[in-house]
Amino acid sequence: MSEPALYVMIKPPPELRAPLCGCRSAHRLDAHYPPDRRHCTMLKLGLARNWAPHRLGRLREELGALYFDPFDVALDAIDRRALRGRKGMPAPAAFHRALRRAARRCGVELPVHNFWLHLSLAYKGMGVPRREIDPIGWRVEEFQLILSDHGHEVLGRWPLVQRQYALAL
55 MSEPALYVMI
65 KPPPELRAPL
75 CGCRSAHRLD
85 AHYPPDRRHC
95 TMLKLGLARN
105 WAPHRLGRLR
115 EELGALYFDP
125 FDVALDAIDR
135 RALRGRKGMP
145 APAAFHRALR
155 RAARRCGVEL
165 PVHNFWLHLS
175 LAYKGMGVPR
185 REIDPIGWRV
195 EEFQLILSDH
205 GHEVLGRWPL
215 VQRQYALAL
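Sequential numbering from 55 applies to the sequence shown in the numbering used here.
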């Protein structure tokens, strides 16, 4: 049995539930993973028991003060049980790095790992060999701090805010 853990996630909008379920079904993946829990993990923060209330409050402050432009994601390959992000998407990687810096300001040291955006369609079964698919994507306009324990409890939600507006010609 896994323990409750903290994550920063982005979630696809509700209008993508049908295409994501269709992709899962087309590849005969296990259907027991609820559509409302589909997400892309932007940052793993570890076990919830390791976060004292004051430190969690500080993290919320840091996340709330984070300014980052909305960005687009495109998932264009299926690999085992997950959709994989298009290589060469710098915005999700830059957002991941910004989140890591915010966590460090709270005294959290996170292990270094290669970040590659993905969205799990199922957690059981073999999955399928990697292959390209028609892209499924959306504009990310918010991120969430999630307590994951047999569901997703939202501990905070923040908008991504456009910092530079287009200039009139």
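For glycine and all other residues, C-beta sits at the position ideal for the given N, C-alpha and C. Nothing here was measured: the structure is a model prediction, and the numbers come from that model.
Residue range of the unbroken alpha helix (DSSP H) whose run includes residue i
i           : result
residue 186 : Careful: residue 186 lies outside any alpha helix (DSSP H), inside the beta strand (DSSP E) at 182-194.
residue 108 : 107-118
residue 154 : 144-159
Sheet register partners of residue i (DSSP bridge)
i           : result
residue 206 : 202
residue 98  : 61
residue 167 : Looking at the DSSP assignment, residue 167 forms no beta bridge with any residue, so it has no partner.
residue 139 : 129
residue 89  : Per DSSP, none; premise fails for residue 89.
residue 122 : Answer is none; residue 122 lacks a bridge partner.
residue 213 : 196
residue 134 : 182
Of the residues the options, the one placed nearest residue i, counting alpha carbons only
i           : options               : result
residue 56  : 101, 193, 72 and 157  : 101
residue 83  : 204, 201, 70 and 183  : 183
residue 199 : 180, 58, 109 and 114  : 114
residue 98  : 212, 202 and 214      : 202
residue 110 : 181, 59 and 186       : 59
residue 204 : 62, 87 and 152        : 87
residue 62  : 138, 116 and 130      : 116
residue 181 : 195, 134 and 67       : 134
residue 131 : 185, 70 and 144       : 185
residue 151 : 170, 139, 136 and 141 : 170
Span of the beta strand (DSSP E), counted from its first residue to its last, around residue i
i           : result
residue 79  : Element bounds for residue 79: not the beta strand (DSSP E) but the alpha helix (DSSP H), 71-80.
residue 174 : 172-174
Nearest-angstrom Cα separation, counted from residue j out to residue i
i           : j           : result
residue 216 : residue 149 : 14 Å
residue 104 : residue 118 : 21 Å
residue 107 : residue 213 : 23 Å
residue 197 : residue 64  : 5 Å
residue 177 : residue 85  : 9 Å
residue 121 : residue 153 : 10 Å
residue 124 : residue 195 : 5 Å
residue 175 : residue 67  : 15 Å
residue 128 : residue 96  : 15 Å
residue 143 : residue 136 : 17 Å
residue 79  : residue 112 : 41 Å
Three-pair Cβ contact test at 8 Å for the segment 154-168 versus the segment 73-92: Not touching, per the Cβ criterion.
Segment contact, 8 Å Cβ cut-off, at least three pairs: the segment 185-205 with the segment 73-80: As far as the Cβ criterion goes, the segment 185-205 touches the segment 73-80, which means the pair count is three or higher.
Stretch pair the segment 164-175 + the segment 206-217: three plus CB contacts closer than 8 Å: A contact between stretches requires three or more CB pairs, one per stretch, nearer than 8 Å, and the segment 164-175 fails this requirement with the segment 206-217.
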